[in-house]
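Enquirer: This is the structure, below, for whatever I ask next.
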Amino acid sequence: MPKPNFATMLRTTRNAAALLVCILREIFDENSYARFLARTDRASSTEAYAEFIHQEAHISERRPRCC
Amino acid sequence: MNRLLRFFVWTLVAILGAAAFATIALRRSEPISALWIVTAAVCTYSIAYRFYSRFIAMRVLLLNARRATPSERLDNGRDFVPTNKWVVFGHHFAAIAGPGPLVGPVLAAQFGYLPGVLWILVGSVFGGCVQDFVVLLFSVRRDGKSLTEMAREEISPLGGSVAFIAVITIIIILLGAIGLIVVNALKGSPWGTFTIAATIPIALFMGFYLRRIRPGKVIEASLMGFILVMLSIWGGQWISHSPYASWFSFSGITLCFALIVYGFAASALPVWLLLAPRDYLSTFVKLGTISILALGILISRPTLHMPALTQFIDGSGPVFAGSIFPFALITIACGAISGFHSLISSGTTPKLVQRETETRMIGYGAMIAESFVAIMAVIAACVLDPGVYFAVNSPAGIVGASAVAATHTISSWGFAVTPAQMSDLARAVGEQSLFNRTGGAPAFALGMAHIFSRTIGGTALLGIWYHFAIMFEALFILTTLDAGTRVGRFMLQDGLGRIWKPLGRTSWYPSILLTSGIIVSLWGYFLYAGVRDPLGGINSVWPLFGIANQLLAIVALCVSTTILIKSGKTRYMAVTLVPLFVLVSITFTAAYHKVLNPNPRIGFLAHAHQIAASATAGASRLAFNDRLDAFITTILVALVFLVVAESARVWFQVLSGRRKPSLHESPFIPSQLAPEEM
Numbered sequence: 011m012p013k014p015n016f017a018t019m020l021r022t023t024r025n026a027a028a029l030l031v032c033i034l035r036e037i038f039d040e041n042s043y044a045r046f047l048a049r050t051d052r053a054s055s056t057e058a059y060a061e062f063i064h065q066e067a068h069i070s071e072r073r074p075r076c077c
Numbered sequence: 046m047n048r049l050l051r052f053f054v055w056t057l058v059a060i061l062g063a064a065a066f067a068t069i070a071l072r073r074s075e076p077i078s079a080l081w082i083v084t085a086a087v088c089t090y091s092i093a094y095r096f097y098s099r100f101i102a103m104r105v106l107l108l109n110a111r112r113a114t115p116s117e118r119l120d121n122g123r124d125f126v127p128t129n130k131w132v133v134f135g136h137h138f139a140a141i142a143g144p145g146p147l148v149g150p151v152l153a154a155q156f157g158y159l160p161g162v163l164w165i166l167v168g169s170v171f172g173g174c175v176q177d178f179v180v181l182l183f184s185v186r187r188d189g190k191s192l193t194e195m196a197r198e199e200i201s202p203l204g205g206s207v208a209f210i211a212v213i214t215i216i217i218i219l220l221g222a223i224g225l226i227v228v229n230a231l232k233g234s235p236w237g238t239f240t241i242a243a244t245i246p247i248a249l250f251m252g253f254y255l256r257r258i259r260p261g262k263v264i265e266a267s268l269m270g271f272i273l274v275m276l277s278i279w280g281g282q283w284i285s286h287s288p289y290a291s292w293f294s295f296s297g298i299t300l301c302f303a304l305i306v307y308g309f310a311a312s313a314l315p316v317w318l319l320l321a322p323r324d325y326l327s328t329f330v331k332l333g334t335i336s337i338l339a340l341g342i343l344i345s346r347p348t349l350h351m352p353a354l355t356q357f358i359d360g361s362g363p364v365f366a367g368s369i370f371p372f373a374l375i376t377i378a379c380g381a382i383s384g385f386h387s388l389i390s391s392g393t394t395p396k397l398v399q400r401e402t403e404t405r406m407i408g409y410g411a412m413i414a415e416s417f418v419a420i421m422a423v424i425a426a427c428v429l430d431p432g433v434y435f436a437v438n439s440p441a442g443i444v445g446a447s448a449v450a451a452t453h454t455i456s457s458w459g460f461a462v463t464p465a466q467m468s469d470l471a472r473a474v475g476e477q478s479l480f481n482r483t484g485g486a487p488a489f490a491l492g493m494a495h496i497f498s499r500t501i502g503g504t505a506l507l508g509i510w511y512h513f514a515i516m517f518e519a520l521f522i523l524t525t526l527d528a529g530t531r532v533g534r535f536m537l538q539d540g541l542g543r544i545w546k547p548l549g550r551t552s553w554y555p556s557i558l559l560t561s562g563i564i565v566s567l568w569g570y571f572l573y574a575g576v577r578d579p580l581g582g583i584n585s586v587w588p589l590f591g592i593a594n595q596l597l598a599i600v601a602l603c604v605s606t607t608i609l610i611k612s613g614k615t616r617y618m619a620v621t622l623v624p625l626f627v628l629v630s631i632t633f634t635a636a637y638h639k640v641l642n643p644n645p646r647i648g649f650l651a652h653a654h655q656i657a658a659s660a661t662a663g664a665s666r667l668a669f670n671d672r673l674d675a676f677i678t679t680i681l682v683a684l685v686f687l688v689v690a691e692s693a694r695v696w697f698q699v700l701s702g703r704r705k706p707s708l709h710e711s712p713f714i715p716s717q718l719a720p721e722e723m
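Protein chains in written order, with the numbering used here: chain B, 11 to 77; chain G, 46 to 723.
Printed below as a string of structure tokens:
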């Protein structure tokens with residue numbers, strides 16, 4: 011079994027942190043907004059976010075929260 | 046060599062788990078460390094995940110990484126999006142984790158810690174995890190279809206209609222039950238009420254911030270919201286000792302109406318204004334608090350003071366009446382198996398799954414995490430002195446209204462507690478009284494504060510930790526309440542739209558107001574009845590919720606078993622059929638007792654009869670509430686019995702060759718994604 015060196019550990023930690031941020035961004039709909047911006051080829055703005063909320067409302071409004 | 050090493054490691058895990066189980070089950074003479082329960086749980090989960098879920102994945106469901114999932118085939122960048130499995134896991138867990146696994150196990154701790162721990166572990170690995178996993182996979186293979194759609198297609202249209210009615214009824218009962226928990230936690234508590242009231246302007250601020258100041262920066266806004274909530278907890282301490290305390294000190298009835306008004310507003314207002322930011326804030330607090338509670342237990346290694354079993358296993362418990370079977374299992378509900386999860390597993394999650402093979406980790410794995418939350422709730426309840434636990438959780442109608450009467454009654458059961466001890470504890474956490482705070486939330490908050498204060502701050506911070514825990518529970522109960530009201534409203538609009546089309550238009554304001562009003566009135570009625578109930582409400586509302594929730598799990602397991610049989614997996618149908626059989630036994634027995642048991646503390650009809658014959662004020666209304674509860678329980682059981690009978694008919698026809706099995710799966714399309722090892 012190869013010995014883990016400092017660089018490997020650093021890379022693993024960095025990957026884990028990136029994954030954690032990605033999970034949080036997905037849970038908090040930031041990724042969803044980024045996909046919306048990419049899909050509509052727009053930059054982030056109050057108008058773009060308002061449209062995003064309007065378009066996504068039918069999904070988020072019907073998302074049940076469990077007991 | 047590797048194989049030998051693996052065998053050695055898993056044998057060690059099994060031995061360690063068996064030793065932990067032996068300790069928690071057999072050591073009766075002295076208090077035990079909570080770490081034994083954690084060890085038993087971790088070993089059980091590890092073995093169940095490694096062996097049982099793998100068996101289901103490879104032999105029963107035949108997961109195929111080369112089969113394209115709907116997220117890949119129907120990728121639209123919106124609801125169908127191929128997503129990393131860990132991200133979907135986090136998303137799924139955040140959706141399934143609710144107040145149920147915190148409250149149910151705390152209430153069931155009246156039987157001692159052993160029944161709760163055993164059912165949470167056994168029920169989850171053989172029931173809840175299997176249900177979540179199997180329903181998720183079957184939904185993935187059907188383009189992310191919902192449970193009701195799958196029931197309609199695979200069983201019969203009747204199955205689909207019954208599932209629809211069961212879902213909407215469960216939502217209503219659930220909202221009434223969790224609303225009652227908030228009311229009981231906040232009545233006469235200016236500190237708690239101020240903190241929770243403050244979350245409304247904080248959420249509005251977050252909505253404004255996201256919309257106008259930094260569009261889309263949700264994590265940033267949630268972090269700011271969290272800091273403001275922490276400041277409000279700190280400020281609440283000052284409010285509770287100031288002349289303004291009376292502004293935030295309400296009776297149960299006032300809080301009940303405040304919640305009803307709040308629920309209506311949250312359902313009718315635009316989602317971005319209140320619901321979405323609250324949801325973000327609640328998720329942020331929920332994930333953080335669950336993580337630090339796990340850390341707190343590991344660091345402080347608390348001792349359990351509750352015995353393994355109490356005398357209340359005979360059904361005479363003060364927290365709720367009913368014997369250990371089936372009431373411990375009904376009360377724990379979501380911590381072991383939750384029918385509601387099948388809605389999430391056939392809702393958002395299947396549309397995000399990248400590969401079929403990942404459903405094992407997401408479905409089975411996330412339920413293991415939820416089950417561990419329930420284990421932490423048992424620990425939090427059982428670290429309290431049993432006398433304190435019963436003083437907090439017992440209604441005045443059982444133990445007496447005065448401190449002297451209550452402590453005398455509880456001490457006579459063998460759980461010593463004094464008025465001075467309760468008064469000191471109330472002062473330490475900044476409350477006027479901790480007696481008769483039924484519902485489980487205050488007891489959980491006390492246990493959590495006890496664990497946290499052993500790690501940080503000692504008794505000086507007990508009040509802060511207690512109100513942090515109350516805020517944490519109330520915040521995500523209210524989030525479930527407003528999201529549930531809105532979901533119920535949409536379901537009602539879908540149904541009414543078939544009668545008169547304009548009522549089905551979700552953006553038509555008269556329809557929004559009407560349907561919001563109907564849903565809020567329905568759960569508001571249960572809440573009001575619970576608040577007025579002389580036995581504290583939880584005694585009737587929580588078992589009703591537990592029965593309804595488990596009945597939905599029966600529907601989910603009927604759908605799963607039907608699909609397994611139709612797929613030619615009869616050999617393995619016990620995987621879903623055994624939990625189905627167990628759940629039918631539990632829920633039908635519980636329903637029978639709740640309706641027909643001659644003990645007025647258990648049976649709705651016996652209680653109605655007793656109260657109608659008494660001279661109690663409002664006797665006819667209280668008796669009506671009991672009869673209504675009995676009627677709803679009977680209807681729910683009858684409907685679910687129809688689903689079971691309808692499913693059994695399909696199984697018989699398929700197994701006897703009288704019917705050609707026809708599955709409604711999407712066709713196999715090879716995935717373009719690189720396969721990943723299972």
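The beta-carbon is built from N, C-alpha and C at its ideal position, and this holds for glycine as well.
Between which residues of its own chain and Ile599/G is the CB-CB distance below 8 Å, once the five residues before and five after are set aside?
Expert: For Ile599/G, where only same-chain residues beyond five positions count, the Cβ hits under 8 Å are Gly384, Leu625, Leu628, Val629, Thr632, Val685, Val688 and Val689.
Enquirer: Can you give me the start and stop residues for the alpha helix (DSSP H) that Ala635/G sits inside?
Expert: Residues Ala619 to Leu641.
Enquirer: State yes or no: is the beta carbon of Ala67/B nearer than 8 Å to at least one beta carbon in chain G?
Expert: Cβ-Cβ to chain G under 8 Å: yes for Ala67/B.
Enquirer: Which residues of chain G have a Cβ atom closer than 9 Å to the Cβ of Asp39/B, listed in chain order?
Expert: Simply Gly261, Val263, Ala321 and Tyr325.
Enquirer: Is the region 492-510 of chain G close to the region 176-188 of chain G, with three or more CB pairs under 8 Å?
Expert: The region 492-510 of chain G vs the region 176-188 of chain G: no contact.
Enquirer: With DSSP as the reference, label Gly62/G as helix, strand or coil.
Expert: In the structure shown, Gly62/G sits in a helix (DSSP, three-state: H, G or I).
Enquirer: What do you get for Gly172/G, buried or exposed, if any count of 16 or more other CB atoms within 10 angstroms of its CB means buried?
Expert: Under this definition Gly172/G is a buried residue.
Enquirer: How many angstroms separate the CA atom of Leu650/G from the CA atom of Met251/G?
Expert: Answer to the nearest angstrom: the Cα atoms are 48 Å apart.
Enquirer: With DSSP collapsed to three states, give me the class of Val398/G.
Expert: Three-state result, Val398/G: strand.
Enquirer: So what's Pro315/G in DSSP terms, helix, strand or just coil?
Expert: Of the three classes helix, strand and coil, the one that applies to Pro315/G here is coil, per DSSP.
Enquirer: Which of the three DSSP states is assigned to Ile200/G in this structure?
Expert: Coil at Ile200/G, not helix or strand.
Enquirer: So which residues of chain B does Cys88/G contact, with C-beta pairs closer than 9 Å?
Expert: Per Cβ cutoff of 9 Å: no residues; Cys88/G is ~25 Å from chain B at best.
Enquirer: Pull up the DSSP beta-bridge partners for Ser585/G, would you.
Expert: According to DSSP, which records beta bridges pairwise, Ser585/G is partnered with nothing at all.
Enquirer: For Leu388/G, go through chain B and note every residue whose CB falls closer than 7 Å to its CB, in chain order.
Expert: By Cβ distance, chain B contributes Pro74.
Enquirer: So that I know if they touch, is there some Cβ in chain B lying closer than 8 Å to that of Trp131/G?
Expert: Taking Cβ atoms only, chain B reaches closer than 8 Å to Trp131/G, which makes this a yes.
Enquirer: What's the C-alpha gap between Leu320/G and Gln595/G?
Expert: Straight-line Cα distance between these residues: approximately 28 Å.
Enquirer: Leaving out the 5 sequence neighbours to the left and right, which residues in its chain are closer than 7 Å to Ser345/G when beta-carbon positions are compared?
Expert: The residues are Ile496, Arg499 and Thr500.
Enquirer: Tell me, please, whether the CB atom of Arg257/G is closer than 8 Å to any CB atom in chain B?
Expert: It does; some Cβ of chain B falls within 8 Å.
Enquirer: Curious, which full-length alpha helix (DSSP H) runs of at least 4 residues does the region 660-702 of chain G contain?
Expert: Complete alpha helix (DSSP H) runs here, min 4: 664-700.
Enquirer: Whose Cβ in chain G lies nearer than 7 Å to the Cβ of Thr23/B?
Expert: Simply none; closest approach about 15 Å.
Enquirer: How about Val148/G and Gly485/G: are their beta carbons less than 8 Å apart?
Expert: Yes, Cβ-Cβ distance for Val148/G and Gly485/G is below 8 Å.
Enquirer: Considering only residues of the same chain and omitting the five flanking positions on each side of Leu57/G, which have a CB-CB separation below 7 Å?
Expert: Contacts found: none.
Enquirer: Please classify Arg21/B: does DSSP put it in a helix, a strand, or coil?
Expert: Arg21/B falls in the helix class under three-state DSSP.
Enquirer: So, for Gln717/G: in the same chain, excluding its five sequence neighbours on each side, which residues have a beta-carbon less than 8 Å away from its beta-carbon?
Expert: Closer than 8 Å at Cβ, skipping near neighbours: Ala113 and Glu117.
Enquirer: I'd like the ranges of any alpha helix (DSSP H) spanning at least 4 consecutive residues and lying wholly in the region 285-370 of chain G.
Expert: Here the runs fully enclosed are 297-313 and 320-345.
Enquirer: What first and last residue would you give for the alpha helix (DSSP H) that runs through Gly724/G?
Expert: An answer regarding residue 724/G cannot be provided, because it is not within the stretch 46 to 723 covered by chain G.
Enquirer: Answer yes or no: does any C-beta atom of chain B fall closer than 8 Å to that of Ser336/G?
Expert: Not one chain B Cβ lies under 8 Å of Ser336/G.
Enquirer: Under 7 Å, CB to CB, which of the residues in the region 366-391 of chain G have a partner in chain D?
Expert: Here chain D cannot be found, since the structure's protein chains are B and G.
Enquirer: Give a single yes or no on whether Gly591/G has its beta carbon closer than 7 Å to a heavy atom of the ligand ATP.
Expert: For the structure depicted, the ligand ATP is absent and the ligand set is empty, with no information on it obtainable.
Enquirer: Going by Cα to Cα distance, which pick from Trp279/G, Glu194/G and Gln356/G is closest to Ala154/G?
Expert: The shortest C-alpha separation from Ala154/G is found at Gln356/G.
Enquirer: Please report the Cβ distance between Met493/G and Phe480/G, rounded to the nearest whole angstrom; I am assuming they are in contact, meaning their Cβ atoms lie under 8 Å.
Expert: That belief does not hold up - the Cβ atoms of Met493/G and Phe480/G are roughly 19 Å apart, past 8 Å.
Enquirer: Compare the C-beta of Cys35/B with all C-beta atoms of chain G and state if any pair is closer than 8 Å.
Expert: Note that residue 35/B is Arg in the sequence shown, not Cys. Cβ-Cβ to chain G under 8 Å: yes for Arg35/B.
Enquirer: Can you tell me whether Glu722/G is helix, strand or coil according to DSSP?
Expert: For Glu722/G, the predicted structure reports a pLDDT of 47, less than 50, and the residue's modelled location is therefore unreliable. The matter cannot be settled from this model.
Enquirer: Sort Ala373/G, Arg256/G, His654/G and Thr661/G by Cα distance to Arg672/G and report the nearest one.
Expert: The shortest Cα separation from Arg672/G among Ala373/G, Arg256/G, His654/G and Thr661/G belongs to His654/G.
Enquirer: Output, in sequence order along the chain, the residues in the region 38-65 of chain B whose CB is closer than 9 Å to any CB in chain G.
Expert: For the region 38-65 of chain B, which is checked against every Cβ of chain G, the residues closer than 9 Å are Phe38, Asp39, Glu40, Asn41, Ser42, Tyr43, Ala44, Arg45, Phe46, Leu47, Ala48, Arg49, Ser54, Ser55, Thr56, Glu57, Ala58, Tyr59, Ala60, Phe62, Ile63, His64 and Gln65.
Enquirer: Which partner residues does Met128/G have in the DSSP bridge list?
Expert: Note that residue 128/G is Thr in the sequence shown here, rather than Met. Note: Thr128/G sits in a beta bridge opposite Val398/G.
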